[in-house]
Structures are given as C-alpha cells and as structure tokens.
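Novice: Handing you a structure now.
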Amino acid sequence: MTIRHYGLDGGTDPSTAFLNVTYTRPVPAPGVIMATVNVVEIMRRKIKLRISILDGHGQLCVTAEMLVVTAIPRL
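In structure tokens, the structure reads:
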C-alpha cells in the first residue's frame, strides 16, 4: 500500500518524524520474525503507526511507535 491509500497528500515522499523503539527481548539473527504494523491515527499529512516484532515462537521482541509525514508540496 502507498501513502495515498490512507488519503494523505501523495505529492511528496513520506518522511519519518519520529520513531520510538522498545526492545523487550533479543531479536534472533539469523532467525524467523514477524512484523505487524497497525495504523493508529490518520491526520491530514501524518500517519501514526504502531509496530510489533515477534520471534519465530510468537514472543514479543520489539514494539515501536512511528509518525510519518509528507512535506507540503512546493509551488
């Protein structure tokens, strides 16, 4: 999916405004992981996301919150 899918201005590439990561246990490497991303809030030029990373046994390893923004297009 693209940023336009969520109804945001798609005229510019999205940028990360912030990314807060919490590690609850070591992430196996090499190993199998599963990442899940949930859209928490959609604003005019912003998307707030919540991310979870689980190991191959389904145990939570990482949580994160992220804010993605698009720049105001220049005229």
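The sequence shown begins at 165 in the numbering used here and counts up by one. For glycine and all other residues, C-beta sits at the position ideal for the given N, C-alpha and C.
1) Please report the distance separating the alpha-carbon of Y187 from that of I236.
2) Taking buried to mean at least 16 other C-beta atoms within 10 Å of its own C-beta, is I206 buried or exposed?
3) For a test of the three-state rule: what should DSSP assign to P194, helix, strand or coil?
4) Using the three-state DSSP reduction, which class does R208 fall into: helix, strand or coil?
5) Taking A181 as part of the beta strand (DSSP E), name the residues at either end of that continuous run.
6) What are the boundary residues of the beta strand (DSSP E) that includes A235?
7) In angstroms, rounded to a whole number, what distance separates the CA positions of A199 and R209?
Specialist: Reading it off the structure:
1) Here residue 187 refers to the residue found at position 23 of the sequence shown. Here residue 236 refers to the residue found at position 72 of the sequence shown. Distance between the alpha carbons of Y187 and I236: 33 Å.
2) Residue numbering aside, residue 206 sits at position 42 when the sequence shown is read from its first letter. The residue in question, I206, is exposed, as its Cβ has fewer than 16 Cβ neighbours within 10 Å.
3) What you label residue 194 is simply residue 30 of the sequence shown in a count that begins at 1. DSSP places P194 in coil when its eight states are reduced to three.
4) By one-based count along the sequence shown, residue 208 stands at place 44. R208 falls in the coil class under three-state DSSP.
5) Within the sequence shown, residue 181 is the residue found at index 17, counting from 1. Per DSSP, A181 belongs to the beta strand (DSSP E) from P178 to Y187.
6) The count along the sequence shown starts at 1 and reaches residue 235 at position 71. Counting along the chain, A235 falls outside any beta strand (DSSP E), and DSSP gives it neither H nor E.
7) Walking along the sequence shown from the start, residue 199 turns up at place 35. Walking along the sequence shown from the start, residue 209 turns up at place 45. The straight-line gap from Cα to Cα measures roughly 24 Å.
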